[in-house]
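Here is the structure we will look at, set down as structure tokens.
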């Protein structure tokens, strides 16, 4: 029940984030025993680079606590969608936080909203949707791969958020979202190889009062085809974005202070000679100042995908 609401202590069955360092985190289930590949029930011992953890020992421990490993220590954290995205088992390629933050913002997902998502994939984005629409909203998520749909359904149940999501196994490009969802959605999100084929079904699913649409496409051609379909159906405010997360390099630089007093003196044509006094002055240490500077990194972030957003105006005929 880790994702349902904030908690103070770890309970049996919780999903817990074992934090070793920023680049090393693991999601583990807080159960004292597990079944190995031979079908035998054995104590749950989790191995890390800093030694082993007997998982039974963290049950009842306060979230955020420091726990001992056999060769070091770690922290136990309650999972959030952000931490889950970094530690989840990948069944497909996933969307990460920079793109997800723009998706949640542009689709205006809020408590009470009804969201239709396809495809479910590894459930990375689904957890963000569920956090945003709880406790009165609902997520309808679709995947054409039956095993992935079953895994996602079981995952939502184990995370304690199954009441807010319905998982479907369906090819939405050919079969749509089903008549039961026509006119029910506040927002529709598509992550499909051919999103333009599902745009008409998204049009049917959105409420008569209007709604928001988004598709995620690695290739600009996919986005262009979606835009053509959106335009035909009367969508407006159509825009495609690419979100690139970039960290600036911040460092302190020491720079010499240039003496510009000579500019105040009148110019002369006389040739000046360097005196011994001037030579000694040139050897003296110059005044320097320290400045905090920011610059772009030498390597820029790579491409993830194009986000195409659109709005469906109210009262568009859907005959």
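Residue numbers (this note's numbering): 131 to 449.
We put the beta carbon where it would ideally sit given N, CA and C, even for glycine.
Taking a 10 Å sphere around the C-beta of residue 352, we find 16 or more other C-beta atoms and assign the residue as buried.
For the pair residue 333 and residue 305, the CB atoms are not nearer than the 7 Å cut-off. Contact annotation, residue 343 with residue 229: C-beta distance approximately 16 Å; criterion of less than 8 Å not satisfied. Between the segment 227–247 and the segment 307–324 there are three or more inter-stretch CB-CB distances shorter than 8 Å, so the stretches are counted as touching. Under the rule that a run must span 4 or more residues, the alpha helix (DSSP H) segments found entirely inside the segment 239–307 read 254–263, 276–288, 302–305. Taking a C-beta distance under 7 Å as the contact criterion, residue 271 and residue 250 qualify as a contact pair. Taking a cut-off of 8 Å for Cβ pairs, the segment 231–244 and the segment 181–198 do not touch, as fewer than three such pairs fall below it.
From the listed residues 137, 226, 256, 180, the smallest Cα separation to residue 207 is found for 137. DSSP assignment within the segment 310–387 yields the following whole beta strand (DSSP E) runs of 3 residues or more, N-terminal first: 317–320, 341–347, 366–371, 379–386. In the structure shown, residue 177 falls within a strand segment according to DSSP collapsed to helix, strand and coil. The secondary-structure analysis by DSSP pairs residue 151 across a beta bridge with 154. In the three-state DSSP reduction, residue 213 falls in the helix class (H, G or I). Counting of Cβ neighbours within 10 angstroms places residue 214 among the buried residues, the total reaching 16 or more.
In the DSSP assignment, residue 205 falls within the unbroken beta strand (DSSP E) covering 202–207. Straight through space, the alpha carbons of residue 282 and residue 326 are spaced by roughly 25 Å.
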